[in-house]
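Enquirer: Residue numbers (the numbering used here): 580 to 966.
Glycine included, C-beta positions come from ideal geometry on N, C-alpha and C.
Only a predicted model underlies this, so the values are computations on that prediction, with no experimental measurement involved.
1. Please identify the residue among 911, 725 and 714 whose C-alpha is closest to the C-alpha of residue 698.
2. Can you list, in chain order, the residues of its chain with a C-beta nearer than 7 Å to that of residue 891? Leave out the 5 residues immediately preceding and following it.
3. What first and last residue would you give for the alpha helix (DSSP H) that runs through residue 593?
4. What are the boundary residues of the beta strand (DSSP E) that residue 939 is part of?
5. Evaluate residue 854 with the Cβ neighbour count: other Cβ atoms within 10 Å of its Cβ, from every protein chain shown; 16 or more gives buried, anything less gives exposed.
6. Per DSSP, which one or two residues make a beta bridge with residue 748?
7. Does the distance from the CB of residue 774 to the CB of residue 791 come in under 7 Å?
8. For the ligand HEM, any of its heavy atoms closer than 6 Å to the Cβ of residue 892?
9. To the nearest angstrom, report how far apart residue 745 and residue 588 are at their CA atoms.
10. If distances are taken between C-alpha atoms only, which option among 952, 809, 949 and 716 comes closest to residue 736?
11. Check whether the Cβ atoms of residue 1043 and residue 904 sit closer than 7 Å, and answer yes or no.
12. Enumerated in chain order, which unbroken segments of the beta strand (DSSP E) with a length of 3 residues or greater are wholly contained in the region 605 to 676?
13. Have a look at residue 680 and residue 758 and give me their C-alpha separation to the nearest angstrom.
14. Could you tell me the distance, in whole angstroms, from the CA atom of residue 879 to the CA atom of residue 963?
15. Whole angstroms are fine: how far does the CA of residue 752 sit from the CA of residue 623?
16. Would you report the Cα separation of residue 826 and residue 609, rounded to the nearest angstrom?
17. Under the rule that 16 or more other beta-carbon atoms within 10 Å means buried, what is residue 865, buried or exposed?
18. Within the chosen definition, does the region 762 to 781 reach the region 607 to 621 through at least 3 CB pairs nearer than 8 Å?
19. Select from 785, 663 and 954 the residue whose C-alpha is nearest the C-alpha of residue 912.
20. Within 8 Å, do at least three Cβ pairs link the region 670 to 686 to the region 640 to 656?
21. Just mark residue 718 as buried or exposed, buried being the case when its beta carbon has 16 or more other beta carbons within 10 Å.
22. Taking the C-alpha atoms as reference points, what is the distance between residue 536 and residue 828?
23. Taking residue 669 as the reference, which of 642, 707 and 686 has the closest Cα?
24. Return the CA-CA distance between residue 706 and residue 687, expressed in angstroms with no decimal places.
25. For the alpha helix (DSSP H) holding residue 895, just list the boundary residues, first then last.
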């Protein structure tokens with residue numbers, strides 16, 4: 580089976596992890612700060628906090644921005660459930676903004692329409708989470724402008740997008756957001772096995788993220804109540820969590836970040852070749868928003884089902900049966916049973932639902948060979964033309 584994505588682990592990566600195993604620190608040592616430094620140097624953000632998953636980073640971001648009971652968080656229906664669940668963890672409520680039919684990202688025009696109606700009802704969101712689906716940046720300038728006008732915070736879910744750029748600047752620099760979140764899951768562009776990070780330019784948010792990551796505990800005398808009892812002393816000054824990243828994960832991340840540009844360049848080469856080889860098939864190829872450079876975590880096509888004469892499931896199953904590990908990113912969150920019980924239903928976000936009926940992620944990963952790509956193209960062509 581040719582997978583839709585997988586990690587690329589070099590001997591340097593292995594040596595970096597083994598070196599940590601032989602060191603004095605398996606956790607809370609020098610590698611986590613070193614990894615965080617690679618993130619701030621790459622993005623230009625002032626602060627980075629490495630954690631055990633992007634889900635944890637989203638939760639921390641919401642808490643740091645004060646999301647709580649009675650507040651609203653809005654995000655895209657086409658995302659992994661964590662982009663919405665993070666609000667529920669805080670006791671807040673969730674709503675969605677339908678996607679742009681071309682980019683598949685949260686649509687700024689539909690966002691503005693929804694904000695106008697929400698303002699009239701006194702139900703504006705406290706946080707909006709635009710998701711850079713497949714690595715393609717959202718229209719952050721438009722979203723940032725609306726954030727200033729309507730007074731909401733922005734958390735960029737850039738789980739797919741490290742290595743990408745928006746208007747010439749690295750994704751993660753937080754130029755249009757309060758906090759940006761990355762994921763380092765094995766199928767992502769850079770991996771730490773499991774892991775994530777939250778980045779910000781605001782010192783006050785950085786202080787909150789640091790506390791939230793590690794039980795709400797500080798050793799900083801400036802943050803304590805009263806005087807320190809000695810070098811051993813710490814205080815819990817907030818309710819935090821154990822969301823720390825291990826030294827092993829961070830060492831892998833430091834090593835992987837050295838190859839970030841190579842990873843993204845390879846993905847663009849694969850995508851460009853797909854664009855050329857698939858141009859005559861009854862499918863819609865990925866669109867690139869002007870003035871952006873995608874991290875290209877995923878290569879998503881949409882099937883022109885009326886031309887093909889097969890169902891979505893028939894195409895998917897035929898490819899899987901012949902060893903092509905296609906996948907679907909994502910099932911609209913509002914159609915999940917848990918969210919249906921909250922009052923959402925099919926028909927609420929029609930563009931997202933149309934996307935779901937037609938979308939398919941083709942295999943794409945660093946290290947994918949020409950032979951593997953040719954096999955994907957050949958079998959996809961055969962399946963669509965045999966119809």
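Expert: Per the coordinate set shown:
1. Numbered from its first residue, the chain shown carries residue 698 at position 119. It is 725 whose Cα lies nearest to the Cα of residue 698.
2. By 1-based counting over the chain shown, the position of residue 891 is 312. Excluding sequence neighbours, residue 891 sits near 882, 884, 936 and 937.
3. Here residue 593 refers to the residue found at position 14 when the chain shown is read from its first residue. Taken as a continuous stretch (DSSP letters only), the alpha helix (DSSP H) holding residue 593 covers 590 to 600.
4. By 1-based counting over the chain shown, the position of residue 939 is 360. Note, residue 939: beta strand (DSSP E), 938 to 941.
5. Indexing the chain shown from 1 puts residue 854 at position 275. By the neighbour-count rule (16 or more Cβ atoms within 10 Å), residue 854 is not buried but exposed.
6. To locate residue 748, count along the chain shown from 1; it is residue 169. Bridge partners of residue 748: 745.
7. Taking the first residue of the chain shown as 1, we reach residue 774 at position 195. Taking the first residue of the chain shown as 1, we reach residue 791 at position 212. No.
8. By its list of ligands, the structure shown contains no ligand whatsoever, and the ligand HEM lies outside what it can speak to.
9. Counting from one through the chain shown, the residue named residue 745 turns up at place 166. Counting from one through the chain shown, the residue named residue 588 turns up at place 9. Those two C-alpha atoms are separated by around 28 Å.
10. For the purposes of this step, residue 736 is taken as residue 157 along the chain shown, with counting starting at 1. Considering only alpha carbons, the answer is 716.
11. No information on residue 1043 is available, as it lies outside the stretch 580 to 966 that the chain covers here.
12. 626 to 630, 651 to 654 and 672 to 675
13. To locate residue 680, count along the chain shown from 1; it is residue 101. To locate residue 758, count along the chain shown from 1; it is residue 179. Answer to the nearest angstrom: the Cα atoms are 26 Å apart.
14. Against the chain shown, residue 879 aligns to sequence position 300. Against the chain shown, residue 963 aligns to sequence position 384. Rounded to whole angstroms, residue 879 to residue 963 spans 16 Å at the Cα level.
15. As a position in the chain shown, residue 623 is number 44, starting the count at 1. As a position in the chain shown, residue 752 is number 173, starting the count at 1. Computed Cα separation, rounded: 5 Å.
16. Position 247 of the chain shown, counted from the start, is the residue given in the question as residue 826. Position 30 of the chain shown, counted from the start, is the residue given in the question as residue 609. Each residue's Cα considered, the two are about 8 Å apart.
17. What you label residue 865 is simply residue 286 of the chain shown in a count that begins at 1. So residue 865 ends up on the buried side.
18. Segments in contact, yes.
19. Taking the chain shown and counting its residues from 1, one reaches residue 912 at position 333. With distances taken between Cα atoms, residue 912 lies closest to 663.
20. yes
21. Counting from one through the chain shown, the residue named residue 718 turns up at place 139. So residue 718 ends up on the buried side.
22. Only positions 580 to 966 of the chain appear in this structure, which leaves residue 536 out of reach.
23. For the purposes of this step, residue 669 is taken as residue 90 along the chain shown, with counting starting at 1. Of the listed residues, the one whose Cα sits closest to residue 669 is 642.
24. Translated into the one-based positions of the chain shown, residue 706 becomes position 127. Translated into the one-based positions of the chain shown, residue 687 becomes position 108. Each residue's alpha carbon lies about 15 Å from the other.
25. The residue labelled residue 895 in the question sits at position 316 within the chain shown. Under the DSSP assignment, residue 895 falls in the alpha helix (DSSP H) whose first and last residues are 891 to 900.
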